[in-house]
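J.: If you count by my numbering, then the sequence shown holds residues 27 to 212, one letter each, in order.
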Amino acid sequence: MRVGTMLPIATRRLLGPLAGLAILALTAGITAAAGATHASARLMNGAGQTVGWARLTEDAAGRLHLNVQVAGLTPGRHGIHLHAVGQCVGPTFISAGGHHNPLGAQHGLDNPLGAHAGDLPNLVVNGAGRGHLDATSHHATLSGDYQLLDADGSAVVIHAMEDDQVTNPTGNSGARIACGVIVARR
27 MRVGTMLPIA
37 TRRLLGPLAG
47 LAILALTAGI
57 TAAAGATHAS
67 ARLMNGAGQT
77 VGWARLTEDA
87 AGRLHLNVQV
97 AGLTPGRHGI
107 HLHAVGQCVG
117 PTFISAGGHH
127 NPLGAQHGLD
137 NPLGAHAGDL
147 PNLVVNGAGR
157 GHLDATSHHA
167 TLSGDYQLLD
177 ADGSAVVIHA
187 MEDDQVTNPT
197 GNSGARIACG
207 VIVARR
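#1: Across which residues does DSSP place valine 183 in a beta bridge pair?
#2: By Cβ distance below 8 Å, which residues in the same chain neighbour threonine 76 in space, the five residues on each side in sequence not counted?
#3: When you compare each of Asn148, Thr100, Gly179, Gly112 to aspartate 189 by their alpha carbons, which one comes out closest?
#4: Which word fits aspartate 145, buried or exposed, when buried means at least 16 other C-beta atoms lie within 10 angstroms of its C-beta?
#5: Would cysteine 65 and leucine 168 qualify as a contact pair, given that the criterion is a beta-carbon distance under 7 Å?
#6: Looking at C-alpha atoms only, which residue of Gly124, Leu82, Gln95 is the closest neighbour of arginine 211?
#7: Under a Cβ-count criterion, where at least 16 other Cβ atoms within 10 Å of its own Cβ denotes burial, should histidine 164 be classed as buried or exposed?
#8: Can you tell me where the beta strand (DSSP E) with glutamate 84 in it begins and where it stops?
#9: Buried or exposed, going by whether 16 or more other CB atoms sit within 10 Å of the CB of alanine 122?
#10: Identify the continuous beta strand (DSSP E) that holds leucine 159 and give its terminal residues.
#11: Rounded to the nearest angstrom, what separates isoleucine 56 and threonine 100 at their Cα positions?
#12: Given valine 96, which residues of its chain have a CB within under 6 Å of its CB, disregarding the five upstream and five downstream residues?
#13: According to DSSP, simplified to helix, strand and coil, what is serine 121?
#14: Cβ of glutamine 191 less than 7 Å from any chain D Cβ?
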């Protein structure tokens, strides 16, 4: 077909509804995320193996509750943060960007100048490689002012070492060893 030629009528009649369906498909994720109060992230290590789950729930007061369960990690304390981009390309997970920090704050829950919205308490992993964290963030939301479920998404990232809760920009918590993209749930 030459440039500038008209498409057959049957083809033109199909293109309108197909274009509409394409737009619906592209916006479905954003629409589902709007007003979301539940989300989760499957945490994977650099080799692509599942090492745990993070479940996020936003309560009526706008507090974000995070429950993390992991297995197969090195025993000890690990920094864990909410990161600004919903991508987890291993093995380094640099694709997840920096910490979720919509207000441009300093790093660390113990920092007198405030903390990133994505800063969390350390995850403690026992001698068997299992860890559990229950934490509440007053600075991040799933769909409110400081939302994690924005256009580029967000991720939960676990680091190799303990977060000192003060040092900018990452608390000296080392390499990223696990990552999970946060996905809205109903």
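For every residue, glycine included, the Cβ atom is placed at its ideal position computed from N, Cα and C.
T.: Taking the geometry as given:
#1: According to the DSSP secondary-structure assignment, valine 183 is paired through a beta bridge with His107, Cys205.
#2: Here threonine 76 has Arg68, Leu69, Met70 as same chain residues with Cβ atoms under 8 Å from its own Cβ, once five neighbours each way along the sequence are excluded.
#3: Answer by Cα proximity: Asn148.
#4: Aspartate 145 comes out buried.
#5: One point to set straight first is that residue 65 is alanine, not cysteine, in the sequence displayed. The criterion of a C-beta distance shorter than 7 Å is satisfied by alanine 65 and leucine 168.
#6: Residue nearest to arginine 211 within the set Gly124, Leu82, Gln95 is Leu82 (criterion: CA-CA distance).
#7: Classification of histidine 164: exposed, given that the 10 Å Cβ count is below 16.
#8: Counting along the chain, the beta strand (DSSP E) containing glutamate 84 begins and ends at 76-84.
#9: Only buried fits alanine 122, as 16 or more other CB atoms lie within 10 angstroms of its CB.
#10: Here the beta strand (DSSP E) through leucine 159 covers 157-163.
#11: Residue placement at isoleucine 56 is flagged as unreliable, the pLDDT there being 38, under the threshold of 50; a coordinate-derived value is accordingly withheld.
#12: Within the same chain, valine 96 has close Cβ partners Val77, Gly78, Gly157.
#13: Taken through DSSP and simplified to helix, strand or coil, serine 121 comes out as helix.
#14: Here chain D cannot be found, since the structure has a single protein chain.
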